[in-house]
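Our numbering puts the first residue of the sequence shown at -9, with every later residue one more than the last. Cβ coordinates follow ideal geometry from the N, Cα and C atoms, glycine included. As the structure is a computational prediction, the values presented were derived from the model and not from experiment. Reviewing the structure listed below.
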Amino acid sequence: MKLLPALIAAIAVASPAAAQDRPEWSFAIHGGAGVIERANLSPEQDAAYRAALTRALEAGADVLRNGGEALDAVQAAIQLMEDDPLFNAGRGAVFTAAGRNELDAAVMNGSDLTAGAVAGLTTTRHPIAAARAVMEQSPHVMLIGSGADAFAASQGLEQVDPSFFFTERRWQALVKFLTDNDLPIPERPAGAPPAGMASLEPAPPLNERKFGTVGAVALDSQGHLAAGTSTGGTTGKRWGRVGDVPVIGAGTYASNRDGCAVSATGDGEYFIRATVARDICARMAALRDNNRPGLIDCGGDSVCFADHLPDVQVAAREEIADAETLGGKGGVIVMDARGLPAFAMSTSGMYRGRVSADDPTPTVAIYEDEDL
Ligand code: ASP
-9 MKLLPALIAA IAVASPAAAQ DRPEWSFAIH GGAGVIERAN LSPEQDAAYR AALTRALEAG
51 ADVLRNGGEA LDAVQAAIQL MEDDPLFNAG RGAVFTAAGR NELDAAVMNG SDLTAGAVAG
111 LTTTRHPIAA ARAVMEQSPH VMLIGSGADA FAASQGLEQV DPSFFFTERR WQALVKFLTD
171 NDLPIPERPA GAPPAGMASL EPAPPLNERK FGTVGAVALD SQGHLAAGTS TGGTTGKRWG
231 RVGDVPVIGA GTYASNRDGC AVSATGDGEY FIRATVARDI CARMAALRDN NRPGLIDCGG
291 DSVCFADHLP DVQVAAREEI ADAETLGGKG GVIVMDARGL PAFAMSTSGM YRGRVSADDP
351 TPTVAIYEDE DL
């Protein structure tokens, strides 16, 4: 058996007991994948991310342990992360080349395959709430730009001045990106705090251009699955660029029928082409139906056999390996119908965590080699 390339990793995350008996509920989140290495995160940054992930897990767990719905847990956790400047979603989102924050989000209900998505929001505080409103209150699946903000406002969702989303660290990341690429630097956005306030914010880790997207997957006590994802996209994006996050089946997907919920983070252009989220669900359905041991593409002409791994882990690994073959790096979180979560990545880290009825203390991880 050939081992996977070092950077491809997936971690089974539930106890053997949980793998056999469905927990009452189960919840997992991510806060983005990327080049995240111990040497590059200070102890303070490391602790700040772990605390933020724990808060988001607790928000989801509060919903689920009280018999709440998977969708509500997903929304509660993502809204917290959208408000947290540590993450590339909502406040703290990356900037476009024009110096704006344009926000994308999606949500999907596995019980009836309804879905909602928004792209290019600039004034809606919680894009995930807008995506949910599209799903539940409109006849459409995806709304974009000012129309999407107007719809969100009409649904009573909080509107903010675009400068609400401004953070100095993301602005400096944009300035660096544009300088490196010999592109013009736009005016500092109206309403942004004066330059020099940067010292009030935590210093950024590396790899500011990409990743930092947030997502959540949940199984509730009714046996329903849901997934949601929210992002500012990629630093310096242009021309109304939209990534995988609001593309149903690419960055976000959930299906009770297939027994899976997926939220992705990574190189959106590749994750769209690989239809990462839907593919994982299809792989899980196929593994279950064929009752075969998982096959993993190890690159080149080799194939690895992944005996004894849960389907959810095999499917996540296979798909991330496939996306990397195309050229896209990133990660996914996946929840199966039994409440077994899996985390797979082709990067050196992914902010992530899990909590369940069986294991009610939130557990978080950052680096690829950490057990979860
Ligand atoms: N997938 C996101 C995008 O391409 C970026 C990320 O995951 O951070 O917009």
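Does the Cβ of R122 have 16 or more other Cβ atoms within 10 Å, making it buried, or fewer, making it exposed? buried
Could you tell me which residues DSSP pairs with S220 in its beta bridges? A95, V204
Label A267 either buried or exposed according to how many other C-beta atoms from any shown protein chain fall within 10 Å of its C-beta, with 16 as the threshold for buried. buried
Based on the DSSP output, what are the partners of C250 in its beta bridges? S245, D326
For the alpha helix (DSSP H) holding S136, just list the boundary residues, first then last. 135 to 144
Beta-bridge pairing of G320 - partner residues as DSSP gives them: G256
Please identify the residue among S211, R273, V131 whose C-alpha is closest to the C-alpha of D348. S211
Would the stretch 216 to 224 and the stretch 234 to 245 be scored as touching if the rule is three or more Cβ pairs under 8 Å? yes
Give a yes or no on contact between the stretch 71 to 87 and the stretch 104 to 122, applying the rule of three or more CB pairs nearer than 8 Å. yes
Going by the DSSP bridge assignment, what does I262 pair with across the sheet? Partner(s): none; I262 has no beta bridge.
Span separating the alpha-carbon of A327 from that of R40: 27 Å
Endpoints, the beta strand (DSSP E) within which L111 is located: 104 to 111
Nearer than 7 Å: is that true of the beta carbon of G241 relative to any heavy atom of the ligand ASP? yes
Given this structure, state the Cα-to-Cα distance separating E363 from I26, to the nearest angstrom. The requested residue 363 is not part of the displayed model; the chain covers only -9 to 362.
Per DSSP, the bridge partner or partners of P331: M325
State buried or exposed for R307, treating a residue as buried only when at least 16 other CB atoms are found within 10 Å of its CB. buried
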